[in-house]
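Chains as they are written, first to last, in this note's numbering: chain A, 447 to 598; chain B, 25 to 207.
Structure (C-alpha cells):
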C-alpha cells in the first residue's frame, strides 16, 4: 500500500480541498487582508505536498504532472516580468501601477482595486507555489547512490 | 551621485578581473568584492535592510566558494603565520570594533520613531501616500508590489535560480548518463 495509513488518507482527502481554497483566497485577497503572493503560494504548495505525503509520489504526479508544474512556474515568472514591462510601456517607468493611475481605478477596499497589485499577487502565488512543490518533489525523487557504504 | 559611479566602476572592474583571471581563488574573492560593492550601493541608497541581507549572503557565499575551490586549486600558504600580518589583522579588528561601538551610540533609543532622526525617511511617504497612490488596503502588499516591486522581482528570480539549481543537481537522467560516460 502506497502512502500512509487509511486515517491519514481519508482526512487528507477532505482537508486538501479546504487548504487549496484557503491558498486561493490568500492570493486573491492579498491586497486587502494580510497575506499575499508569497504566503498564498506556500499554502497552495503545501496542499500538494500533503497529497504527496498521504498518497505517495505517483498519485501526486498523476494529479499534477511535473511538466505542468514547471510550466506554471515559468508562467508566473513571465507574468510578473510582463507586468513590469507593461508598466514601462504604458506608464513610462518600470513597475509603475498603470492600471491604478489610468483607466480602471477601483474603489479602495473592493476586490477589484489597486491596479496591478492583485495581478502581481497572482503571478507571485503561481511562481512560489510551483517552485516550492517542484523542489520538494525533486528532493523526494533523489536517492543517494550508495547508502551507507563506499562505492569503490 | 558621484559615489555611485565610483562604486559602479569598482564593480565592473572586479567583474572583469573575476572573469579574466586564471587563479580560481582570486576570482572568487573578486566575486565577493562585487557583492560588497552592491551592498555599499544599497547603503547609500538608504536601504540598510537590503544592505545587511546582501552582506550576510555575500559572506556565506564567499565562505562556501572558498571552501569549494581551495581543495581544487593549488594555493599553498607556506610557513608559519607572520608576526606583522597578525598585528595588522588585530589592529583592523580593533578599528572595526571601535567603529561598531560608535554606530551603536548613534542609534536612536529603542522604541522611538525613525522620523525623529530622519524626517525625510521613505517610510513616511509609504504611510502617507500608500492608500491614495496604490489603492491597496494592505499596506505591506502596496510596499512590496508597488513601491519596492523591483526588490520583489529580485526575490522571484532568486527563487527561480534555486529551483533551476535543485533540478539540475538532483535530476536522475543526467546522473545515469554521467555514470555511463565515466565507465
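Where is the CB? At the ideal position from N, CA and C, for every residue including glycine. Values in this document were obtained by computation on a predicted structure and should not be read as measured data.
Legend entry - Straight-line Cα distance separating residue 167 of chain B from residue 173 of chain B: 7 Å
Legend entry - CB contact check: residue 539 of chain A to chain B, cutoff 8 Å: no
Inset, instruction - Can you tell me which of the three DSSP states residue 56 of chain B falls into? - result: helix
Inset, instruction - Quick one: grab the DSSP three-state call for residue 542 of chain A. - result: coil
Legend entry - Inter-stretch contact (C-beta, 8 Å, three-pair minimum) for the stretch 522-542 of chain A and the stretch 560-576 of chain A: yes
Legend entry - Min CB distance residue 574 of chain A to chain B below 8 Å: yes
Inset, instruction - Could you spell out where the alpha helix (DSSP H) holding residue 152 of chain B opens and where it closes? - result: 146-158
Inset, instruction - Helix, strand or coil for residue 71 of chain B, going by three-state DSSP, please let me know. - result: coil
Legend entry - Cα-Cα separation between residue 555 of chain A and residue 511 of chain A, rounded to whole angstroms: 37 Å
Legend entry - First and last residue of the uninterrupted alpha helix (DSSP H) at residue 504 of chain A: 503-509
Inset, instruction - Kindly indicate if chain B contains any beta-carbon less than 8 Å away from that of residue 581 of chain A. - result: yes
Inset, instruction - Specify the secondary structure class of residue 557 of chain A as computed by DSSP and reduced to three states. - result: coil
Inset, instruction - Please work out which residues of its chain come closer than 8 Å, Cβ to Cβ, to residue 37 of chain B, disregarding the five sequence neighbours upstream and downstream, and give them in chain order. - result: none
Inset, instruction - Note the first and the last residue of the continuous alpha helix (DSSP H) segment covering residue 178 of chain B. - result: 173-194
Inset, instruction - Report all residues from its chain with a CB closer than 8 Å to the CB of residue 94 of chain B; omit the five preceding and five following residues, and keep chain order. - result: 49
Legend entry - Collapsed DSSP secondary structure at residue 567 of chain A in the structure displayed: helix
Inset, instruction - Give me the Cβ distance between residue 481 of chain A and residue 472 of chain A, rounded to the nearest whole Å; I'm assuming they're in contact under 8 Å. - result: 4 Å
Legend entry - Residue range of the unbroken alpha helix (DSSP H) whose run includes residue 512 of chain A: 512-536
Inset, instruction - Verify whether the separation of the beta carbon atoms of residue 487 of chain A and residue 575 of chain A is less than 8 Å. - result: yes
Inset, instruction - Take every Cβ of the stretch 579-588 of chain A, pair it with every Cβ of the stretch 529-542 of chain A, and state whether three or more of those distances are shorter than 8 Å. - result: no
Inset, instruction - Please decide whether residue 190 of chain B counts as near chain A, where near means a Cβ-Cβ distance under 8 Å. - result: yes
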